[in-house]
Amino acid sequence: MSETVKKFLYVNRRAPYGTIYAQEALEVVLIGAAFDQDVSMAFLDDGVFQLTKGQDTKGIGLKNFSPTFRALGDYEVTKLYVERESLEERGLSLDDLQDIQYEDEDDDWAEKPSIRLISRAEMADVMADQDVVLSF
Amino acid sequence: MSETVKKFLYVNRRAPYGTIYAQEALEVVLIGAAFDQDVSMAFLDDGVFQLTKGQDTKGIGLKNFSPTFRALGDYEVTKLYVERESLEERGLSLDDLQDIQYEDEDDDWAEKPSIRLISRAEMADVMADQDVVLSF
Amino acid sequence: MATLHTVNKSPFQAGALSSCLAHIKEGDTVLMIEDGIYGALTGTGFSDKVQASGAKICVLGPDVSARGIDTAHILASVETVDYDGFVDLAAASARVQAWL
Amino acid sequence: MATLHTVNKSPFQAGALSSCLAHIKEGDTVLMIEDGIYGALTGTGFSDKVQASGAKICVLGPDVSARGIDTAHILASVETVDYDGFVDLAAASARVQAWL
Amino acid sequence: MKFGIVVNEGPYTHQASDTAYNFAKSALSKGHEIARVFFYHDGVNVGTRLSIPPQDDRQIQEQWSALAKDHGVDLVICIAAAQRRGLLDENEATRQGKDANNIAEGFRISGLGQLIEMGIQCDRTITFGD
Amino acid sequence: MKFGIVVNEGPYTHQASDTAYNFAKSALSKGHEIARVFFYHDGVNVGTRLSIPPQDDRQIQEQWSALAKDHGVDLVICIAAAQRRGLLDENEATRQGKDANNIAEGFRISGLGQLIEMGIQCDRTITFGD
Numbered sequence: 047m048s049e050t051v052k053k054f055l056y057v058n059r060r061a062p063y064g065t066i067y068a069q070e071a072l073e074v075v076l077i078g079a080a081f082d083q084d085v086s087m088a089f090l091d092d093g094v095f096q097l098t099k100g101q102d103t104k105g106i107g108l109k110n111f112s113p114t115f116r117a118l119g120d121y122e123v124t125k126l127y128v129e130r131e132s133l134e135e136r137g138l139s140l141d142d143l144q145d146i147q148y149e150d151e152d153d154d155w156a157e158k159p160s161i162r163l164i165s166r167a168e169m170a171d172v173m174a175d176q177d178v179v180l181s182f
Numbered sequence: 047m048s049e050t051v052k053k054f055l056y057v058n059r060r061a062p063y064g065t066i067y068a069q070e071a072l073e074v075v076l077i078g079a080a081f082d083q084d085v086s087m088a089f090l091d092d093g094v095f096q097l098t099k100g101q102d103t104k105g106i107g108l109k110n111f112s113p114t115f116r117a118l119g120d121y122e123v124t125k126l127y128v129e130r131e132s133l134e135e136r137g138l139s140l141d142d143l144q145d146i147q148y149e150d151e152d153d154d155w156a157e158k159p160s161i162r163l164i165s166r167a168e169m170a171d172v173m174a175d176q177d178v179v180l181s182f
Numbered sequence: 002m003a004t005l006h007t008v009n010k011s012p013f014q015a016g017a018l019s020s021c022l023a024h025i026k027e028g029d030t031v032l033m034i035e036d037g038i039y040g041a042l043t044g045t046g047f048s049d050k051v052q053a054s055g056a057k058i059c060v061l062g063p064d065v066s067a068r069g070i071d072t073a074h075i076l077a078s079v080e081t082v083d084y085d086g087f088v089d090l091a092a093a094s095a096r097v098q099a100w101l
Numbered sequence: 002m003a004t005l006h007t008v009n010k011s012p013f014q015a016g017a018l019s020s021c022l023a024h025i026k027e028g029d030t031v032l033m034i035e036d037g038i039y040g041a042l043t044g045t046g047f048s049d050k051v052q053a054s055g056a057k058i059c060v061l062g063p064d065v066s067a068r069g070i071d072t073a074h075i076l077a078s079v080e081t082v083d084y085d086g087f088v089d090l091a092a093a094s095a096r097v098q099a100w101l
Numbered sequence: 068m069k070f071g072i073v074v075n076e077g078p079y080t081h082q083a084s085d086t087a088y089n090f091a092k093s094a095l096s097k098g099h100e101i102a103r104v105f106f107y108h109d110g111v112n113v114g115t116r117l118s119i120p121p122q123d124d125r126q127i128q129e130q131w132s133a134l135a136k137d138h139g140v141d142l143v144i145c146i147a148a149a150q151r152r153g154l155l156d157e158n159e160a161t162r163q164g165k166d167a168n169n170i171a172e173g174f175r176i177s178g179l180g181q182l183i184e185m186g187i188q189c190d191r192t193i194t195f196g197d
Numbered sequence: 068m069k070f071g072i073v074v075n076e077g078p079y080t081h082q083a084s085d086t087a088y089n090f091a092k093s094a095l096s097k098g099h100e101i102a103r104v105f106f107y108h109d110g111v112n113v114g115t116r117l118s119i120p121p122q123d124d125r126q127i128q129e130q131w132s133a134l135a136k137d138h139g140v141d142l143v144i145c146i147a148a149a150q151r152r153g154l155l156d157e158n159e160a161t162r163q164g165k166d167a168n169n170i171a172e173g174f175r176i177s178g179l180g181q182l183i184e185m186g187i188q189c190d191r192t193i194t195f196g197d
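In the order they appear, the protein sequences are chains A, B, C, D, E and F. Sequential numbering from 47 applies to the first sequence in my numbering. Sequential numbering from 47 applies to the second sequence in my numbering. Sequential numbering from 2 applies to the third sequence in my numbering. Sequential numbering from 2 applies to the fourth sequence in my numbering. Sequential numbering from 68 applies to the fifth sequence in my numbering. Sequential numbering from 68 applies to the sixth sequence in my numbering.
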């Protein structure tokens, strides 16, 4: 649709389910994937809660959208930056998050983790390296 | 409409204008005044910002509803509890708030201040003394 | 009779839990619902405050499960209730105050 | 080129300002708008942090006036801009990041 | 026991109306009465019949309408809040010269007095908001 | 310079749409272009023609409709977000079997691709939300 390739960052700072922002952010990412841009997602502050494994929403009646994160690789969304300090402040570690993988086409389709645990300072670097920052 | 007299507390914890809660809370208080209940308002946390004097909304295009606070006395809403710690944490003092008065019918219509500056512990007492607590 | 306080916001994102805990009276109950359940996590800057609150602290179980928070991460002193338990708590208190 | 960061929430109510200040780079600008302008107050628990941020800090004047905050209560190091100034800041930055 | 419920946030955007609904269902199943649900602020948007949620998601407005039908729960939308946000019944639409209305079955539009009255008449008033 | 604007919150409830409008007006008066305004989340509710705000308050929907008319600003409402929240145009209403629609003049309903396209084509994308 356009020859320009821009760096898009989707910033997720909110918990899932209490509000719809996390879910509707994911809908943007899926649609955006068709545009062949350079896409990254940032998870910091309460946004890290979006990635927990074992989400079961039957009791509250809302739709569980967390499996969608595992499908992102198929849409070539492979850079999910998670801020270490945000996780730690919430008493969580990488073990509490879903195992999200993608197949690396440049490396014989090897399965690689999409989640990249980075420091707060590195997150600032990622943010400063973008063309378009969409916040949810 | 009813012979029951209940103690109603309207709890204001949010700043004005950024969201509509403060303004729509005031609309409830004005309507509620017709029901002859025992009404109090609590201002704590960012709610204390609602009462600042000199609000001028021309630049943002929203309606300035702050003069309504001065009319509350005419509706016999005369107990505006303001939490001292909330004011202090925000670098404000009573001098920064509007001068809101009511005429005391039990004291020869003497003008008295509606704002009652109380401590956090006293605010907890006020809250625990209510029948209905409406939060905005 | 005591008050049931509901808190529906993450303590990391909003001041509701802190303000609630600063205004509770002896015998009160605090029920964490929706994104408020993160206030019941172990190992956070709020854990000690919640445990030392003196109030009975509850979380709404369906909101904990929805968010994939393992019970191992929930403070042992916190009681888990379902919607029926929420109703019982509301009925057993003199008033319900929502910390929005 | 640098980033324009907008913060529209009160620092007393939300973590947006703190998180923003923890992620800015040299040369960036932080513009406080809407309820975010309370971050520019003197004499609060955030005042020192804002002054020591290293970034250029601005407030949207119309939002300050609307909220009846006397300029005496605004940190001296903070620059006041109007909507035209907001547009200029956005145009002069490589990107705009909203801390919602 | 007689409960009154306040819903302050819009459907899907915030979990408030879902939690309120689950609370109401539980209260009814335990033999309590839900005397009224008052929709205020963005809560008024719960009462639109024009929403088309994804089929695999819960149908919030229909859930409430069914509650009104099955249990006679009085669903009241605040008129002042509704006018600002564009939620109208046929009467209001006609009176205000609007060419359409969007209120759903089981909801009615009325004044803020209904909120105060609910607080007076109910044993417990409980608020679900943001 | 070419600006794209995202509005994420509903009218009156949150100041976001007001700030976005004031920003857009300033940008236009300074000779910039507002290529598109994309309404997402509750922002879709800005585009209802059924709202009846108090007469002494600003008329948010009319302000935006006038901006579209006077400056050719493209006002796009996200279809997925709009369906959840009950904001429909005539086409959608017919297609979905709804008996009314509520979109205001100057707004159009389209897909999320319009948001990405805006980000690609504009020099700056700026978000107003909660």
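Note that CB positions come from ideal geometry on N, CA and C, so glycine has one too. Remember, it's a predicted structure, so these values are computed and weren't measured experimentally.
Quiz prompt | Below-8 Å beta-carbon distance, E/T161 vs any chain A residue | solution = no
- Message: Counting only Cβ pairs nearer than 8 Å, list the residues of chain C close to B/S181.
- Response: Q98, A99, W100, L101
Taking 8 Å as the threshold (beta carbon to beta carbon), is A/S48 in contact with chain E?
Only weak support exists for where A/S48 lies, its pLDDT of 49 falling under 50; the coordinates are left without a value.
Work out the CA separation of B/R130 and B/L163 for me, nearest whole Å. Using only the alpha carbons, I get a separation of about 6 Å.
(Q) In whole angstroms, give me the CA-to-CA distance for E/V140 and E/S132. (A) E/V140 and E/S132 have their C-alpha atoms spaced approximately 9 Å apart.
Next on the checklist: 8 Å is my cut-off, CB to CB: does E/N89 come that close to chain A?
Outcome noted: Taking 8 Å as the CB threshold, E/N89 lines the interface with chain A.
Can you give me the Cβ contacts of C/D29 inside the same chain, cut-off strictly under 7 Å, excluding the 5 residues immediately before and after it?
-> Closer than 7 Å at Cβ, skipping near neighbours: A3, T4, H6, A56.
**Prompt:** Which residues in the same chain have their Cβ closer than 8 Å to the Cβ of E/R116, if we skip the five residues on either side of it in sequence?
**Reply:** Q128, N169, I170, A171, E172
**Message:** For a cutoff of 8 Å on Cβ pairs, would you count E/T86 as touching chain C?
**Reply:** yes
D/T72, DSSP secondary structure in three states: helix
So, at 8 Å on beta carbons, what are the nonlocal neighbours of B/K125 in its own chain, with the 5 sequence-adjacent residues on each side left out? V85, S86, M87, S160, R162
Three-state class that DSSP yields for B/T65 in the structure shown:
strand
### Query
Among D/E27, D/A73, D/F13, D/A93, which one has its Cα closest to the Cα of D/G40?
Nearest in C-alpha terms to D/G40, of all of D/E27, D/A73, D/F13, D/A93, is D/F13.
Do C/G37 and C/S11 come within 8 Å of each other at the CB atom, strictly closer than that value? yes
If A/T114 sits next to A/L72, beta carbons under 8 Å apart, how far is it from one beta carbon to the other, in whole angstroms?
-> 5 Å
Quiz item: What does D/K26 touch in chain A if you count any residue whose Cβ is under 7 Å from its own?
Solution: A170, A174
field: Within chain D, partners of A/L143 - CB distance below 9 Å
entry: Simply none; closest approach about 20 Å.
Measuring only the C-alpha atoms, how far is A/M47 from A/E122?
Unreliable positioning characterises A/M47 in this predicted model, as indicated by a pLDDT of 46, which lies under 50. A coordinate reading is not provided.
How about B/P62: is its C-beta nearer than 8 Å to some C-beta of chain D?
yes
Using a cut-off of 8 Å between C-beta atoms, extract the partners of E/Q82 located in chain A.
-> Y63, G64, T65, I106, L108
Exercise. When the cut-off is 8 Å and only beta carbons count, does C/G16 lie next to chain D?
Worked result: yes
- Cut-off 8 Å between Cβ atoms - residues of its own chain near A/K52, not counting five sequence neighbours on either side: Q83, D84, D177, V178
### A/S181, buried or exposed, once every other Cβ within 10 Å from all chains shown has been counted against 16
buried
What does the alpha-carbon distance come out to for the pair A/L76 and F/L179?
C-alpha separation (whole angstroms): 10 Å.
task = Please determine if the segment 92 to 107 of chain F and the segment 138 to 155 of chain F are in contact, where contact requires at least 3 C-beta pairs separated by less than 8 Å.
result = yes
C-alpha distance - D/V51 paired with D/L42, whole-angstrom precision: 9 Å
Given that a residue counts as buried once 16 or more other Cβ atoms are within 10 Å of its Cβ, and exposed if not, what is A/G100? exposed
Show which residues of chain D have a CB atom less than 8 Å away from the CB atom of C/F13. Here the neighbours are G16.
(message) Taking the beta strand (DSSP E) that A/T114 belongs to, which residues open and close that run?
(response) Where A/T114 is concerned, there is no enclosing beta strand (DSSP E), although the alpha helix (DSSP H) it sits in stretches over 113 to 117.
Practice prompt. State the Cα-Cα distance for the pair F/A87 and A/D145, rounded to the nearest angstrom.
Written response: 39 Å
Notebook entry, point to check: Going along chain D in order, which residues have a C-beta closer than 9 Å to the C-beta of A/R59?
Noted result: Within chain D, the residues near A/R59 are G16, A17, S20, W100, L101.
### Query
Distance, Cα to Cα, F/N75 vs F/H81?
The straight-line gap separating the alpha-carbon atoms of F/N75 and F/H81 is approximately 9 Å.
Margin query: Can you check which of these residues, E/L134, E/D197, E/N89, E/P78, is closest to C/W100 by C-alpha distance?
Written below: E/D197
- [ ] Using a Cβ cut-off of 9 Å, pull out every chain B residue sitting near F/Y107, in sequence order please.
- [x] Listed by position along chain B, the residues whose Cβ is nearer than 9 Å to that of F/Y107 form an empty set, because the closest Cβ is around 18 Å away.
task: Work out the CA separation of B/G105 and F/F90 for me, nearest whole Å.
output: When rounded, the distance between both Cα atoms is 12 Å.
Pair within 8 Å by beta-carbon distance, F/G114 and F/F174:
yes
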